[in-house]
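A.B. asks: If you're matching positions, the sequence shown starts at 297 in our numbering and goes up one per residue.
For every residue, glycine included, the Cβ atom is placed at its ideal position computed from N, Cα and C.
So that we are looking at the same thing, I have put the structure below in structure tokens.
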Amino acid sequence: NRTVFDEGKIMGRLPSAIRSDLVMHMFGSVLRRVPLFQDLDDSVLADVCLQLKAYHAAQGEAFTVEGEPADEMFIIRSGMIRLTVDGHELRSSPMKGGDFFGVICLAGLSDIRPYTTTALRQCQLCTLSRADMQKLVANHPEMADVIMAFAKRRLNEINSDVKEVKQTIKLKGASSSSDSREGTDLA
């Protein structure tokens, strides 16, 4: 992860009340827009905020790559991101502030990124690792069912999206090979 400064070290030096207030100010409003977290009470939301790490992606940066290992969720604070499979844009793309991805990896339903994410402009994001989510679930077991249900639903959406893109690629490939044969004199 690329961060501007070591938030963990700075936050660790603050008194817990100030630390909670600060992270709620930094991340609370964006988390309230994420369906996964919007119904949490303030104390649980503050605990989630304490686990978030800031991440910045430069315009044009592919910061997750299809097929690579994955163990964190990203929440877009600002900017816009394109999702692609084999270079083709997914139906759920582009994503913008308040959107999120990686919940499938966070829930442990996949260890591999199903698509590549590329920043279309400068982006500010937060990340939540699988290990940090496991700590949160240990302290707030009511989160486990919500996360798993949401992740399963998202997995079905992504599988459908990826299948559609791969079918489009296959059809384009078949079409271009038949087009090239049409113009060839086989005699």
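(1) Could you pull out every residue in the same chain whose Cβ sits closer than 8 angstroms to the Cβ of LEU332, ignoring the five residues on either side in sequence?
(2) Quick check for students: name the residue ranges of the alpha helix (DSSP H) that lie wholly in the stretch 345-427, counting only runs of 4 or more.
(3) Can you tell which of ASP367, HIS436, HIS384, ASP338 has its C-alpha closest to the C-alpha of GLY404?
(4) Using the Cβ count rule (16 or more neighbours within 10 Å means buried), how would you classify GLN463?
(5) Give the DSSP-derived three-state secondary structure of VAL330 in the structure shown.
(6) If we ignore side chains and look at the alpha-carbon of each, how far apart do MET391 and ASP337 end up?
(7) Taking the alpha-carbon positions, what's the VAL458 to ASN435 distance?
(8) Secondary structure at ASP343, three-state DSSP: helix, strand or coil?
(9) Taking the C-alpha atoms as reference points, what is the distance between GLY308 and VAL344?
(10) Just to confirm, is the Cβ distance from CYS422 to LEU348 under 7 angstroms?
(11) List the whole-angstrom C-beta distance separating ASP428 from PRO365, where the pair is believed to meet the contact cut-off of C-beta under 8 angstroms.
(12) Nearest CA to the CA of ASN455: which residue from LEU327, LEU432, VAL381?
(13) Where does the unbroken alpha helix (DSSP H) through ARG315 begin, and where does it stop?
(14) Per DSSP, what kind of secondary structure is ARG309 in: helix, strand or coil?
C.D. replies: The short version:
(1) For LEU332, same chain residues with a beta-carbon under 8 angstroms away, outside a window of 5 residues either side, are PHE396, VAL399, VAL442, ILE443, PHE446 in chain order.
(2) Counting only runs of 4 or more residues that sit fully inside the stretch 345-427, the alpha helix (DSSP H) segments are 399-402, in chain order.
(3) Considering only alpha carbons, the answer is ASP367.
(4) Exposed.
(5) Here VAL330 sits in coil by DSSP.
(6) Spanning the two alpha carbons is a distance of roughly 26 angstroms.
(7) About 35 angstroms.
(8) Helix, per DSSP.
(9) Their backbone Cα atoms lie some 15 angstroms apart in a straight line.
(10) Yes, the pair counts as a contact, with Cβ atoms nearer than the cut-off.
(11) With a Cβ gap of about 17 angstroms, ASP428 and PRO365 do not count as contacting.
(12) For ASN455, the nearest C-alpha among the options comes from VAL381.
(13) In the DSSP annotation of this structure, the continuous segment of the alpha helix (DSSP H) that includes ARG315 starts and ends at 312-319.
(14) Here ARG309 carries a coil assignment [DSSP, helix/strand/coil].
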